[in-house]
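Only one structure is covered here, and it is reproduced in the block below.
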Amino acid sequence: MIGSSCIGASVFGGVCNNSGGALVQRGPAYTQLSVFTRVDAEGINHLSVTLAGDEETLLSRLDRDEYDEQDIRYDTGDGSDKGYTDHVRHIDEPTPARFNADPGTLFEASGSAGKVMVFAVRLDTFPMARGTRVFYIGTNQTSVLTAIRRHILSRFTHLPLSGEYLHRDTYDIAARYGKDTFFLIHWLGTARLPALFALKNRFDLLAEWLPFLPPHCGDRLLQFFSRLLPDPLPARMQAYRDRYEHHLLLKVSAEGVSEAQAFLSDYFSEHEGEFFACTEEEGKKAFFHRFAAQ
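Residue numbers for the sequence shown follow the working numbering, beginning at 457 and rising by one.
If you want it as structure tokens, here you go:
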């Protein structure tokens, strides 16, 4: 997971764009370990994996995984933004903690945004979070979300895993035009989506040869048939859509559930808005809907 809100995003693309604004604990995709090249420049190998041979041999061996554990060095660079959990807590700094092209996360391939050709990257791995919980927050005042954000970042012992925002208008657009994407993720998972999108693009190219068909025919057909399916969104989400303009999805680890529950219960006893703790199914559907909004 590199934190991109774009369905089907590649790992390389995530590193090159420092994806991960929603990942509160992990922060942007970042690494100092990569193999890349630039126009009018020699290739640069900072992967810290010992591979003998010329450039073509090196890349071929990477493609075939022809290296062993003893070929890998672990003391030559970082595979993630090690200081992000501290950095993101500096809520009173004059600059935002997370923004595109942050100089602190620009390093060779990381944040290169297409300016170099990347062949390989190494990234840190993390234990899979178990027992996570999603809290769904609704309010009609943006100041409420600001206060919640500041309290969580400055006072929580356990930072949330991620946070995603939805405006009511975006909620409605995704519910109408992203319903097909929602069901594809729900039924097939994200791994098959790139192949399905490629198939749809082929269909659209063929449809362009038929003048009586509208542009983007594949999207229109998918959206049409998806409207025949029942509404997949949980009733509690729909109720919040009717009552509140601003929605926040807060995903926390097992260690942070009681802390988040206690704070939100106390906060909303005195301030405008509400929250509810999602069931596992509600939490999945809430994030599917957020992805469909992209």
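Quick reminder that beta carbons are idealized off the backbone N, C-alpha and C, glycines included.
In this structure, R683 lies near K635, with their beta-carbon atoms less than 8 Å apart. Put simply, the backbone Cα of Q679 is about 28 Å away from that of G594.
DSSP, read as helix, strand or coil, puts M573 in strand. With distances taken between CA atoms, R632 lies nearest to A749 out of N657, Y486, R589 and A749.
The shortest C-alpha to C-alpha distance from R692 to any of A718, A716, C673 and C734 is the one to C734. With a minimum length of 3 residues, the unbroken runs of beta strand (DSSP E) contained wholly in the segment 591 to 666 fall at 618 to 623. When the beta-carbon positions are compared, L579 and T506 stay at least 8 Å from each other. In this structure the segment 706 to 722 lies against the segment 600 to 619, because at least three pairs of beta carbons, one per stretch, are closer than 8 Å.
Shown here for A603: same chain residues with a beta carbon closer than 8 Å to its own, the five before and five after excluded, namely Y723 and H727 in chain order. Around the CB of N501, 16 or more other CB atoms lie within 10 Å, so the residue is classed as buried. Between the segment 567 to 579 and the segment 475 to 493 there are three or more C-beta pairs closer than 8 Å, enough to call the two in contact. DSSP lists I500 and V574 as the bridge partner or partners of F492.
Only residues of its own chain outside the window of five on either side were considered, and among them G594 and F724 have a CB closer than 7 Å to the CB of E730, listed in chain order.
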